[in-house]
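**Student:**
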Amino acid sequence: MEIEVSVAKEAARRADPARVARLHQLCDELETLEGDIVRSSTNDLDFHREIALATENEFWVLLFDILGGALTETRVATFSMDPRRFSIVVAAHRRIAEGIGSGDPEQAAEAMRDHLLEVKQTWDKHPEVVHVCGEDCR
1 MEIEVSVAKE
11 AARRADPARV
21 ARLHQLCDEL
31 ETLEGDIVRS
41 STNDLDFHRE
51 IALATENEFW
61 VLLFDILGGA
71 LTETRVATFS
81 MDPRRFSIVV
91 AAHRRIAEGI
101 GSGDPEQAAE
111 AMRDHLLEVK
121 QTWDKHPEVV
131 HVCGEDCR
């Protein structure tokens with residue numbers, strides 16, 4: 001979790017207006033994907049990768065590409081756990097994009113931390129999914 005929090009901080013320090021606009025565009029797009037778990041999950045992956053790109057640090061992008069792709073099934077599972085999560089994720093992503101766009105590393109970090117804690121709490125509420133897909137989904 002702290003890796004993505006650090007990446008959000010760095011993105012807030014370095015993101016140019018085009019990257020911030022792309023984050024907002026992905027938020028707008030996500031809102032149109034309710035009910036489409038696969039496309040929502042792809043959008044989620046793209047959003048988090050865009051944050052890594054905003055750092056202008058190749059290490060963060062490479063790390064995200066290695067770990068992010070491996071977590072695709074996790075994203076699909078998380079979106080399927082509770083239909084109410086969709087609006088929660090949209091709001092969380094908007095808050096993260098706003099934090100990065102503000103140039104305030106602490107605001108971006110808090111938004112990312114809150115988002116990831118909500119994801120963890122969702123997993124904790126749904127142990128049956130962990131049983132079905134194993135530890136690889138965490």
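Counting in the numbering used here, the sequence shown runs from 1 upward without gaps.
No residue lacks a Cβ here, since even glycine has one placed at the ideal position from N, Cα and C.
1. Within its chain, find whatever has a CB closer than 6 Å to the CB of residue 60; leave out the 5 residues flanking it on each side and keep chain order.
2. Out of curiosity, what's the CA-to-CA distance linking residue 120 and residue 99?
3. Which residue spans inside the region 21–108 form an unbroken alpha helix (DSSP H) run of at least 4?
4. Quick check: what's the CA-CA separation for residue 85 versus residue 9?
5. So residue 12 packs on residue 127, CB below 8 Å; how close in whole Å?
6. Would you call the region 19–28 in contact with the region 39–51, where contact means no fewer than 3 C-beta pairs closer than 8 Å?
7. Roughly how many whole angstroms lie between the Cα atoms of residue 70 and residue 46?
8. At which residues does the alpha helix (DSSP H) containing residue 12 begin and terminate?
9. Counting only the same chain and skipping the five closest in sequence on each side, list residues whose C-beta sits under 7 Å from that of residue 115.
10. For residue 39, collect the residues of the same chain with a Cβ closer than 8 Å to its Cβ; drop the 5 residues on either side in sequence, then sort them by chain order.
11. Thinking just about the alpha-carbon of each residue, which of 26, 15, 41 and 29 is nearest to the one in residue 68?
12. Are the beta-carbon atoms of residue 112 and residue 4 separated by less than 7 Å?
13. Can you say whether residue 101 is buried or exposed, counting buried as having 16 or more other CB atoms within 10 angstroms of its CB?
**Tutor:** In this structure, then:
1. 7 and 52
2. 21 Å
3. 37–54, 58–70, 72–81 and 85–102
4. 24 Å
5. Residue 12 to residue 127, Cβ: 35 Å. No contact.
6. yes
7. 13 Å
8. From DSSP, the alpha helix (DSSP H) with residue 12 extends over 2–14.
9. Around residue 115: 92 and 96.
10. 33
11. 41
12. yes
13. The residue is buried, with at least 16 neighbouring Cβ atoms inside 10 Å.
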